[in-house]
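If you read the sequence shown in the working numbering, its first letter stands for residue 11, the second for the next number, and so on. Glycine residues also receive a C-beta, built at the ideal position from the N, C-alpha and C atoms. Remarks on the structure that follows.
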Amino acid sequence: MTQSLNALFSPETSPHPADLQPFRLLCDALFFYALPGKAEQQELWTGYTPVHLSGEEQARFQSLAQEIKGHEAEFHGGLLASLSAGHGDRDEASVGSLASRLRSEAKPADPQKAKDEALWRAMLILKLAEMYREEEREIAQGFTALSGKEADLFAAIRGGETEEEEGDEEEAQTLRELAATTTMSGPTLNLARLAKAWGHLYTRDPKAPEIPLLVTTHEELQGLLAEEYETLTGNSPRQLVSLALPTQTENGEYGALVDKFAAATGDSKEHFNRLLMDVAASGSLSAELLAELQGAGNDLNRAALPFLQGSQNEKALRFYAYEGTSLIDLFANLCGESRTPTVTATGLLAVLN
11 MTQSLNALFS PETSPHPADL QPFRLLCDAL FFYALPGKAE QQELWTGYTP VHLSGEEQAR
71 FQSLAQEIKG HEAEFHGGLL ASLSAGHGDR DEASVGSLAS RLRSEAKPAD PQKAKDEALW
131 RAMLILKLAE MYREEEREIA QGFTALSGKE ADLFAAIRGG ETEEEEGDEE EAQTLRELAA
191 TTTMSGPTLN LARLAKAWGH LYTRDPKAPE IPLLVTTHEE LQGLLAEEYE TLTGNSPRQL
251 VSLALPTQTE NGEYGALVDK FAAATGDSKE HFNRLLMDVA ASGSLSAELL AELQGAGNDL
311 NRAALPFLQG SQNEKALRFY AYEGTSLIDL FANLCGESRT PTVTATGLLA VLN
C-alpha cells in the first residue's frame, strides 16, 4: 500500500506561496500553521491553527493583533522578548498596558498560567513576524514598480539615439532585474526567537506526530536544531541526501508543474518518499537503509533532470536526520519545556536553499 509523505512548514506562520511551492513537488500533502482566524486550504497546501482557542480567547487575540498594527516598533527589540497577553484585567490588555506591564519580565507562579502566557507570547511574536513580512513585501513591490518606471523612462530618454545605443534596452532590463531582487533592509526578527515561538505551537499540536517531515527555507533552523540535538544526545545530525528541484513563482501555473513532475518522476518519487518514512519510523539509521535512500535520491534527481535543463531557478533540498530523537522533543528542549520523550523515532528536516 502506498503511503503519503506529509510535511509541515517551519518556522513561519501563513508563509508566502512562493516559499511553499517547491516542497509540493516532492510532498503528497503540505501544511503550515495559521494563527487564529486565518486558517485556509488550497489545492496544494493547507494552513490550520494547531492550538484550539475558545471564541472569547480568539476574539481577544485578534483584537490585540489589531492594536499592535501600527505599533510594531514598540514591541520590536527588548520588549518583544517579554510580549504576552497577560492575565489581569482584560479591559486593560491593550498595547499601552502591555508595554508598561511586561518590562518587568514577571512570570506567573501558577505553572498552567505560565504555559498559557508562553503560548500567548508566542502567538503574538508570530503575528508580529507576519506583519513585518507583509510590510517588506509591500515595500519590495513598490520599489520594483518604481525602479521599473525609472528604467522605462531612462530607455525612453535615450530611445531616439543611434544604433550605438543598442545596449540601452539591456541596461533597462538589468535595472528591472536588480529591482526585482532588491529589498529594503529593515528590522527583522531573530530566527531563534521565531523558532522558539513556533515551537510553542508545535509541541501542543495534536497532529504533529502524524507528520514525519519538517521543511523550511531557513538554513539557520538546521543549526538551531543541531545544537539542541547535540545537547540531548552528544551526537550531530546526519545529512542524508540532496535533491535538485525546479522552482516557479507563477501560482497559476504551478499546479500544472506539480502534476507534470509527479508523472515524470513516478516510481522514483514514490520509492524515495517510502524510504524517508522508513527512516522517520526507525530509531536508528542502518548503513543499508542510508545507502538505499541515497540511491533513490540519485534516481529521483535523474528523473527530474528534464525540468532543470535551461532553467536558472534550481534549488537544493537537503535532508537531515536526528537519529533516535523526534523533532517535537527537539523543539521542546529549544523552548525550555520539560517533556518525557515519546516513542523512539528519527526527526527529519528538509532545508531548501
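Exercise for the section: Look at the Cβ atom of T56, then the Cβ atom of P46, and state whether they are nearer than 7 angstroms. Expected result: In the sequence shown, counting from the first residue as 1, residue 56 sits at position 46. In the sequence shown, counting from the first residue as 1, residue 46 sits at position 36. No, Cβ-Cβ distance for T56 and P46 is not below 7 angstroms.
Exercise for the section: Starting from the Cα of A202, find the closest Cα among V289, E22, L18 and S14 and give me that residue. Expected result: One-based indexing of the sequence shown puts residue 202 at position 192. Per the Cα distances, E22.
Problem - DSSP beta-bridge partners of F42 - result: Counting from 1 along the sequence shown, the entry for residue 42 is found at position 32. Answer by DSSP bridge pairing, in chain order: G57.
Exercise for the section: Work out the CA separation of M287 and A306 for me, nearest whole Å. Expected result: For the purposes of this step, residue 306 is taken as the residue at position 296 of the sequence shown. For the purposes of this step, residue 287 is taken as the residue at position 277 of the sequence shown. A306 and M287: Cα-Cα distance of roughly 13 angstroms.
Handout entry: Of the residues A360, Q249, L235 and E146, the one placed nearest L300, counting alpha carbons only
Key = Taking the first residue of the sequence shown as 1, we reach residue 300 at position 290. Of A360, Q249, L235 and E146, the smallest CA-CA separation from L300 is found for Q249.
Exercise for the section: Determine the contact status of L337 and L224, defining contact as a CB-CB distance below 7 angstroms. Expected result: By 1-based counting over the sequence shown, the position of residue 337 is 327. By 1-based counting over the sequence shown, the position of residue 224 is 214. Closer than 7 angstroms, so yes.
Practice task
Rounded to whole angstroms, what's the CA-CA distance from K325 to E229? Just pull it up for me.
Solution key: Numbered from 1 along the sequence shown, position 315 holds the residue referred to as residue 325. Numbered from 1 along the sequence shown, position 219 holds the residue referred to as residue 229. Each residue's alpha carbon lies about 13 angstroms from the other.
Exercise for the section: Look at the Cβ atom of S73, then the Cβ atom of A39, and state whether they are nearer than 7 angstroms. Expected result: Counting from one through the sequence shown, the residue named residue 73 turns up at place 63. Counting from one through the sequence shown, the residue named residue 39 turns up at place 29. Against a cut-off of 7 angstroms, the Cβ pair of A39 and S73 comes out as no contact.
Handout entry: Reduced DSSP secondary structure (H/G/I, E/B, other) of E174
Key = Within the sequence shown, residue 174 is the residue found at index 164, counting from 1. For E174, the predicted model reports a pLDDT of 46, less than 50, meaning its position is unreliable; a value from the coordinates is still stated below. Residue state, collapsed to three classes: helix.
Handout entry: Residues that P256 bridges to, as DSSP identifies them
Key = Numbered from 1 along the sequence shown, position 246 holds the residue referred to as residue 256. Looking at the DSSP output, P256 shares a beta bridge with E324.
Problem - Proximal residues to L255 (C-beta, below 6 angstroms), its chain only, five neighbours per side dropped - result: Numbered from 1 along the sequence shown, position 245 holds the residue referred to as residue 255. Cβ within range, chain order: P32, L35, K325 and L327.
Problem - Residue burial classification, G88 (beta-carbon count within 10 angstroms, cutoff 16) - result: Taking the first residue of the sequence shown as position 1, residue 88 is located at position 78. For G88, the pLDDT reaches just 41, beneath the cut-off of 50, and the residue's location in the model is therefore unreliable, leaving the point undetermined.
Practice task
Below 8 angstroms on the Cβ atoms is my guess for N16 versus P222; work out the distance and round it to an integer in Å.
Solution key: Here residue 16 is taken as the residue at index 6 of the sequence shown, counted from 1. Here residue 222 is taken as the residue at index 212 of the sequence shown, counted from 1. At roughly 7 angstroms, the Cβ-Cβ gap stays under 8 angstroms, so N16 and P222 are in contact.
Practice task
State the start and end residues of the unbroken beta strand (DSSP E) segment that holds T243.
Solution key: By one-based count along the sequence shown, residue 243 stands at place 233. Here T243 belongs to no beta strand (DSSP E); instead the alpha helix (DSSP H) covers E229 to T243.
Exercise for the section: Determine, using beta carbons only, whether T226 and S20 come nearer to each other than 7 angstroms. Expected result: As a working note, residue 226 is residue 216 in the sequence shown. As a working note, residue 20 is residue 10 in the sequence shown. Using a Cβ distance threshold of 7 angstroms, T226 and S20 count as a contacting pair.
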